[in-house]
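Encoded as C-alpha cells, the structure appears first; notes follow it.
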Amino acid sequence: TKWVYSFGDGKADGTAEMRNLLGGKGANLAEMSNLGLPVPSGFTLTTDVCTAYLEQNETYPDTLDQQVGDAIAQIEQSVGGGFGNPEQPLLVSVRSGARASMPGMMDTVLNLGLNDETVAGLEKQSGDKRFAYDSYRRFIQMYSDVVLGVDHYHFEELLEILKEENGYFLDTDLQADDWEVLVGRYKSKVEEELGRPFPQNVQDQLWGAIGAVFGSWMNQRAITYRRLHEIPASWGTAVNVQAMVFGNMGDDSATGVAFTRDPSTGVKMFYGEFLVNAQGEDVVAGIRTPQNLTKQSRLDAGADALSMEEIFPEVYGQLVDVYKRLEAHYRDMQDIEFTVQQGKLWMLQTRSGKRTAKAALKIAIDMVDEGLIDKEEAIKRIDPASLDQLLHPTLDPTAERNIIARGLPASPGAASGEIVFDSDEAEKLASDGKSVILVRVETSPEDIHGMHAAKGILTSRGGMTSHAAVVARGMGRACVSGAGALNIDYKNQTLSVLGETYKKGDIITIDGGCGEVMLGSVEMIMPELSGEFGELMSWADEIRRMKVRTNAETPLDVKTARKFGAEGVGLCRTEHMFFDADRIIAVRQMILAEDLADRQEALAKLLPVQRADFVELFRIMAGLPVTIRLLDPPLHEFLPKTDAEIDSLAEALGADAGKLRHRALQLHEFNPMLGHRGCRLGISFPEIYEMQARAILEAAAEISKELGETVVPEIMIPLVATKRELEILKQKIEAVAEAVKDESGKSVDYLIGTMIELPRAALRAGDIAEEAEFFSFGTNDLTQTTYGISRDDSGSFLEDYVEQGIYEIDPFVSLDHEGVGELVEIAVKRGRETREDIKLGICGEHGGDPNSIDFCERIGLDYVSCSPYRVPIARLAAAQAAL
Ligand code: ADP
Ligand code: MG
Ligand code: MG
C-alpha cells in the first residue's frame, strides 16, 4: 500500500481531488505543487495511516517506516542538507490536516530536526546565531507542549524571568546569547518535568510528532469540534511533513495569512495580515499586532505600521499573482498562508475560506458576474441554514450608543447579553435561556463550546485572523476582537476600560460589523432583503419546483412571511388565534360548556372575532392559497388552572365556580396528546367546526367582494384516522357553505382536505382521498405517533439516543426518511391513485429543514410550509433539492 504521498518541485503524487485520502491541507499542497507554485517540498501520511494506527493499538503499518525514509530522502534531495545532519541540517514542520478543515483543532510542530548539534549547523549555515537559537527555543517549546505534554506557560514564565533579569521589554530585545541561555533553561525544565531529557534524536522527534498528530484526532477538543460540525470520527487526519522555510530569518523575512476576498463582507479585495521577522502562528496568536497586506486596508484602518505592499512590493506582487491563479483555479475564495524567507515567497496552505453568510452571498453572486461559476453553482454553494444570519436584526443606526471600547470588526452582526468570562459558564447560562457575551483576552480551541453558546464574542487581543475571529465567522456569531483598551481580570471577573469597571452579568452590546462595544442593550432593526439576497432568491425561485408557504396566523407573522416570499399559508392554527385576552373567556366557556345551548352561546361570541381574523388573513394573502386547520386544541392549555383563574372565569360568565372546577376536572386527560382533540372534538361537538367553517366562508365572501379577487380557502380537518370521520365532518361543512351562499348571495370556492398525521391515515390514504381534496403532512404528530414518542417529553432521553447513534439526528428536527418518510411516501402514492390531482404539502416543523425539504422534492410534494423566518431558507433549499 502507498501510505506516503510526496509533493514539491512543481510536481506531486496527489491532487486536490484526493482530499479524503490526503486531508484538505495535503491535497491542496499537492495541487499547488502541480500548479508550479513555490511550495516547500514535503510529503503526506494518508488518513488511512491514521485509521490503521488508531485501530491497531497505536502501531504503524509495516512498510510505513521505509516509505517515510524514502520521502525524507526526497526532501533532502530537493532542498539540500540532511535530516539530523549537523553541518547542513534539514528542518521540517509536522502538520495535521483532516478532510474538513478543523481550525486550531490539531497542533503543528515547527523547526523539527533541531538538537544541540544541528543548531550549530543552522547557525553556521545562516550566519545568524540569534535566528538559530530563536528557532531552537521555539521548537523545544512547541514540541514539549504538543508532543510531550509540558504546558507552554512553563516556557513563557522562563522567558519572562530572563527578560526581567536583563531589563528587557520586548522579545526582540533578546540577543543571540540570551536565546542560547534560554534554550538551556528550557531543556532543564523539560527534564525536570518529565524526568528524562528533551529528545535529541531527530528520528525520535519525527515519530513522536507524527504520533501526537494522530493521537490528537481523539482529544477532547477535536471530539467536541467534530460533534458540533457533524464530522465522523472515522475520517481520521492526515499528517504533512514539510521542509521548513523561515519567516524569522531577519527583516527581509515575514509570515502571513490572507483571504482572496474580504471574509466578512465578501468585497472583492485582497485582504490579510502579516508580521516581519516572525514564524508560523505568531500572526494568529495575537502576541504582536500584525500589519496589513495592502496599502488600502492600512489607510482604511488608519494604521501607522506599513503594509506588505509598501515594504516588500516585489514579493507582494508575486503574492497577488499567486492568489489570482488560486482563485481562478479553485473558482472560490481562498484562505492562504505564506512565508517570505529572505525575499523569497513560499506558499504553505490554501483552502476555501470560511466566510460569513453575507460574504458567501456576495462572493457567489460576484463570481457568477465574473463568469467563474454559473447560477446553479452559486445556489449550491450557499448553506440555506446560514441565511438565518441575514434575516436577523442589526443595530438601529439611530439608537443611542454608549460606546465603551472599540476593537476590530471581526465577525458581523450585533448581539447583546450578559458579560461572561468563562466558556463553561457561558454554556450553562445559555442553556438557562440567557443571552451572553463571552469576554476573553483571547480564545482558544478550549472555548469552542462557550463561543457556540454565546450570542457574541469579545476579545482584548488578536487580529482579524485570530482564533476568535475565524471561529466566530464560521459559527455566525458576532465578534469584536483585539479591543486592546479592555483590561480583563479573570480572577475578579471584571472588565475595566477608561477607568470604569464592569462586572460579570452586566449587559453589553457588541457590533461585529464596526467593532464597537456598548454598554447596555441597543435597539435593533429588521434586515434588508434586497440587493444580493434578493438576487440569489430570485435565482432560487427560477430553479425550484415546489412552492413555499408559511405556518402562520397572526397578522404580524403572516406579513413577515409574505415579505420573506411565502406563496400562501400552509397552516393556520386556529387555536393560536384564541389565546388573546379578549377571547380566552369565550373559548373557555366553549370548552367547559355543559350543554349545547351553553356552547352555542360561547360560539356566537367567537364567530365575529374569528371572521374578522380571517378577513385580515385573506387580505394579506390576497390571491394566494390559505390552509386553515379547524380547531385542534391541546385542551389542557386552555383550561383554567388556578383557583383564581376559575373564580374570575366564573365571575365573567356568571357561573358557579364549584361547577366549573368540577367540569375542568372532568375534562382532565391523562394523555392529552392522544386524547379528545382534533376531529374527535368536531365529531362530539360539530357546532364548533360549523362555527369555524362559517367564519372562514363568510370572510372569503367578504374579501372576494372587497378585492374582486377570489380567495380559495382550504379547510383542513386535523387528526383524521378514518375516511368516515372526514365524511361526516365534510357534510356538515358543505351544509354551512350552502347556507352562507344563500345568505350572502355569493358562492365561494373552497377545498376540504385533511392532515395526514396518524400512521393509520397514511396507510388508508387511498380511501381517505375519496373525501379529501388535499393532504397536508403534519409530520410533527406523524413523527410522534410513528415513534410512539411524545415530543414534549422526549427531552429527557433524546440526547442519549443521538449520542449513542440510535438516532443520527433528532427526528423532530430532520424528517426520518426511512420510517416516517415511508409512511409519507405510501400516503402520496395511495392518495394519488385515488385522486390524481390531489394537492400535497407538508406543514410540520420539517417543512423548514433543508434535508427534509430535499426528501419532499424527491417524493414530489407540491409545496412545503414553514415558520416565517424559515421561508427564505426553504426557498433556497427547495432550489438545491431541484438541482
Ligand atoms: P493550522 O492547521 O493550524 O493552520 P498549519 O499546519 O497550517 O496549522 O501550521 C500553522 C503555521 O505554521 C502555518 O500557517 C505556517 O505559518 C507555519 N508553518 C507550517 N509549516 C511550515 C513550514 N514548512 N515552514 C514554515 N512555516 C510553516
Ligand atoms: Mg493552528
Ligand atoms: Mg494553516
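Residue numbers (UniProt numbering): 2 to 884.
Ideal placement from N, C-alpha and C gives every residue a C-beta, glycine not left out.
Check: Report yes or no: do three or more beta-carbon pairs, one from the segment 870-878 and one from the segment 803-813, lie closer than 8 angstroms?; Outcome: no
Check: Would you say D283 lies against chain C (beta-carbon separation less than 8 angstroms)?; Outcome: Protein chain content of the structure displayed is limited to a single chain, and chain C is not contained in it.
Check: Who are the near neighbours of E77 in its chain, counting only those whose CB is closer than 6 angstroms to its CB and skipping five residues on each side?; Outcome: G83, L91
Check: Under the three-state reduction of DSSP, which class applies to Q335: helix, strand or coil?; Outcome: strand
Check: P446 and K355: beta carbons closer than 8 angstroms?; Outcome: no
Check: Have a look at the DSSP bridge pairing and note the partners of I716.; Outcome: I629, I753
Check: How should I404 be labelled, buried or exposed, when 16 other C-beta atoms within 10 angstroms of its C-beta is the threshold for buried?; Outcome: exposed
Check: First and last residue of the alpha helix (DSSP H) that includes Q204?; Outcome: 203-217
Check: Going by CA-CA distance only, name the one from I162, E800, Q243 that's closest to V40.; Outcome: Q243
Check: May I ask you to list the residues that DSSP assigns as paired with residue 1?; Outcome: Since the first residue of the chain shown is 2 and the last is 884, residue 1 is not available in this structure.
Check: Ligand 3 and E32: does the residue's C-beta get closer than 7 angstroms to at least one heavy atom of that ligand?; Outcome: no
Check: State the start and end residues of the unbroken beta strand (DSSP E) segment that holds V110.; Outcome: 110-113
Check: Can you tell me whether residue 1 is buried or exposed? The criterion is at least 16 other CB atoms within 10 Å of its CB, across all chains shown.; Outcome: Nothing about residue 1 can be read from this structure; the chain reaches only from 2 to 884.
Check: Is the segment 714-723 close to the segment 751-761, with three or more CB pairs under 8 angstroms?; Outcome: yes
Check: For D512, does the three-state DSSP call read helix, strand or coil?; Outcome: strand
Check: Rounded to whole angstroms, what's the CA-CA distance from I716 to S866? Just pull it up for me.; Outcome: 16 angstroms
Check: Going straight from the alpha carbon of D614 to that of T225, what length do you get?; Outcome: 48 angstroms
Check: Whose beta carbon lies closer than 6 angstroms to any heavy atom of ligand 3, going through the chain in order?; Outcome: E338, Q350
Check: Spell out the partners DSSP gives G457 in its beta bridges.; Outcome: I438, A479
Check: Sorted by chain position, which residues of the same chain lie with C-beta nearer than 6 angstroms to P851's C-beta, five sequence neighbours on each side aside?; Outcome: P385, A878
Check: Figure out for me which residue from A101, V341, T109 has the closest Cα to the Cα of I232.; Outcome: A101
Check: Thinking C-alpha only, which one of V421, A454, V570 is nearest I508?; Outcome: V421
Check: In chain order, what residues of the same chain have a beta carbon less than 6 angstroms from the beta carbon of N35, not counting five sequence neighbours either side?; Outcome: A13
Check: Helix, strand or coil: which one does DSSP assign to Y491?; Outcome: coil
Check: Closer than 7 angstroms by C-beta to E536: which residues in its own chain qualify, once you throw out the five before and the five after it? Chain order, please.; Outcome: I366
Check: Could you name the residues of the same chain whose beta carbon sits closer than 8 angstroms to that of V191, not counting the 5 residues immediately before and after it, in chain order?; Outcome: I141, S145, L149, V151, P198, F199
Check: At a cut-off of 7 angstroms, would you count G281 as near ligand 5, judging by its Cβ distance to the nearest heavy atom?; Outcome: Ligand 5 is absent from the structure shown, which contains only ligand 1, ligand 2 and ligand 3.
Check: Would you say the beta carbon of S94 comes nearer than 7 angstroms to a heavy atom of ligand 1?; Outcome: yes
Check: Check for me: the alpha helix (DSSP H) holding C51 runs from which residue to which?; Outcome: 48-56
Check: Between which two residues does the beta strand (DSSP E) containing residue 962 stretch?; Outcome: Coverage of the chain is limited to positions 2 through 884, which leaves residue 962 absent and any answer about it impossible.
Check: Contact between the segment 410-425 and the segment 475-486 is defined here as three or more beta-carbon pairs at a separation below 8 angstroms; is this criterion met?; Outcome: yes
Check: Mind checking who L496 pairs with in its DSSP beta bridge?; Outcome: I489, Y503
Check: Report yes if the C-beta distance between Q335 and T261 is below 8 angstroms; otherwise report no.; Outcome: yes
Check: Assign Y870 to one of three DSSP states: helix, strand, or coil.; Outcome: helix
Check: Name the residue from R332, D322, F275, D283 whose alpha carbon lies nearest to the alpha carbon of residue 1.; Outcome: Here the chain covers residues 2 to 884 and nothing more, so residue 1 does not appear.
Check: Between G451 and V147, what straight-line distance do the alpha-carbon atoms span, to the nearest angstrom?; Outcome: 23 angstroms
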